[in-house]
Amino acid sequence: MHSDLWPLALGSLLLLALWLGPLPERARGSFSAHMIMHMGIVAVAAPLLALGLTRRFGARLPAMPASFALVATFVEMVIVWGWHAPALHDAARVDLRVTLVEQGSFLLAGLLVWTAAFGGAGRAGRSPKLAGAGALLLTSMHMTLLGALLLFAPRPLYACATLCAPLSALTPLQDQAAGGAIMLSLGGLAYLFGGLALVGRLLRDEPAKEAAA
38 MHSDLWPLAL GSLLLLALWL GPLPERARGS FSAHMIMHMG IVAVAAPLLA LGLTRRFGAR
98 LPAMPASFAL VATFVEMVIV WGWHAPALHD AARVDLRVTL VEQGSFLLAG LLVWTAAFGG
158 AGRAGRSPKL AGAGALLLTS MHMTLLGALL LFAPRPLYAC ATLCAPLSAL TPLQDQAAGG
218 AIMLSLGGLA YLFGGLALVG RLLRDEPAKE AAA
């Protein structure tokens, strides 16, 4: 398979597994299952799709200013934190139409950040590369913060925690804490490693360019 097609294929297959498998039904009654689906989209499927898209179509995409990556991070943060506000989160757990909007916005937000980061890494100059790495590192920070708030909250934050899963093996607070731990471990680390990888690439490229000059 061509090197720019396997990430697209793998990311698409993962999305199908997340959305058409057992997780959506389980997520209606489990915050931690809902978080697995969320992190699977933004921290695994989105970077795979973004990598494939930038490899395949990067030359055809319009050049964006370095600040675009940071704007993308802000937009993604608003979307993620907004959907974890109690009213919106509860609505997404009980109304399929709201769930579809939520899941679609998670995918678009993830693609926005990862595509901006990978696109910047492929452009000439330090600024786009630094902005791309910074975007991923900032996203890691806000994901870690939100995950920590969910993990260490002293009480359930969502009405659906009690109403949606009265027979769950976990208490609502335990389920919420498990979801926070998933966001911390999968979400925070995925963006952190992505940002560090881009920084490492920039540091490797600079001496090579100086030697060539």
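Taking this note's numbering, the leading residue of the sequence shown gets 38, the next gets one more, and so forth.
Every residue gets a Cβ at the ideal spot worked out from N, C-alpha and C, and that includes glycine.
Predicted model only: the values in this text are computed from it and were never measured.
Cβ-heavy atom distance, residue i to the ligand HEM, below 7 angstroms
| i | result |
| --- | --- |
| residue 146 | What this structure holds is no ligand at all, so the ligand HEM is not there to describe. |
Beta-carbon spacing of residue i, residue j below 8 angstroms
| i | j | result |
| --- | --- | --- |
| residue 106 | residue 153 | yes |
| residue 233 | residue 167 | no |
| residue 182 | residue 78 | no |
| residue 220 | residue 76 | yes |
| residue 281 | residue 225 | The structure shown does not extend to residue 281, since the chain spans only 38 to 250, so no value can be given for it. |
| residue 209 | residue 191 | no |
| residue 216 | residue 72 | yes |
| residue 64 | residue 164 | no |
Reduced DSSP category for residue i - H, G, I as helix; E, B as strand; rest coil
| i | result |
| --- | --- |
| residue 207 | coil |
| residue 67 | coil |
| residue 249 | Low confidence applies here, because residue 249 scores a pLDDT of 49, under 50, leaving its location unreliable; read the following figure in that light. Of the three classes helix, strand and coil, the one that applies to residue 249 here is helix, per DSSP. |
| residue 212 | helix |
| residue 241 | helix |
| residue 132 | coil |
| residue 163 | helix |
| residue 145 | helix |
| residue 59 | coil |
| residue 92 | helix |
| residue 193 | coil |
| residue 103 | coil |
| residue 42 | coil |
| residue 126 | helix |
| residue 179 | helix |
| residue 121 | coil |
Rounded distance between the beta-carbons of residue j and residue i, thought under 8 angstroms
| i | j | result |
| --- | --- | --- |
| residue 88 | residue 155 | 6 angstroms |
| residue 213 | residue 187 | 6 angstroms |
Same chain, Cβ closer than 6 angstroms to residue i, neighbours up to 5 away in sequence not counted
| i | result |
| --- | --- |
| residue 47 | 85 |
| residue 136 | 129 |
| residue 249 | The predicted position of residue 249 is uncertain, since its pLDDT is 49 and thus under 50; a value taken from the coordinates is nonetheless stated next. No residues qualify anywhere along the chain. |
Nonlocal neighbours in the same chain, by C-beta distance under 8 angstroms from residue i, ignoring five residues either side
| i | result |
| --- | --- |
| residue 310 | This structure cannot settle anything about residue 310, because the visible part of the chain is limited to 38 through 250. |
| residue 51 | 77, 81, 82, 85 |
| residue 206 | none |
| residue 247 | Here the model assigns residue 247 a pLDDT of 49, short of 50, so the residue's position is not dependable, and the following value carries that caveat. For residue 247, where only same-chain residues beyond five positions count, there are no Cβ hits under 8 angstroms. |
Same chain only: Cβ atoms within 7 angstroms of residue i, ignoring 5 sequence neighbours per side
| i | result |
| --- | --- |
| residue 235 | 154, 158, 166, 169, 170, 173 |
| residue 149 | 109, 112, 113 |
| residue 139 | 120, 129 |
| residue 91 | 152, 155, 156, 159 |
Self-check item: Any 3 or more C-beta pairs closer than 8 angstroms across the stretch 212-231 and the stretch 166-179
Solution: yes
Self-check item: Inter-stretch contact (C-beta, 8 angstroms, three-pair minimum) for the stretch 50-60 and the stretch 119-136
Solution: no
Quiz item: Do three or more CB pairs link the stretch 183-201 to the stretch 60-68 at distances below 8 angstroms?
Solution: yes
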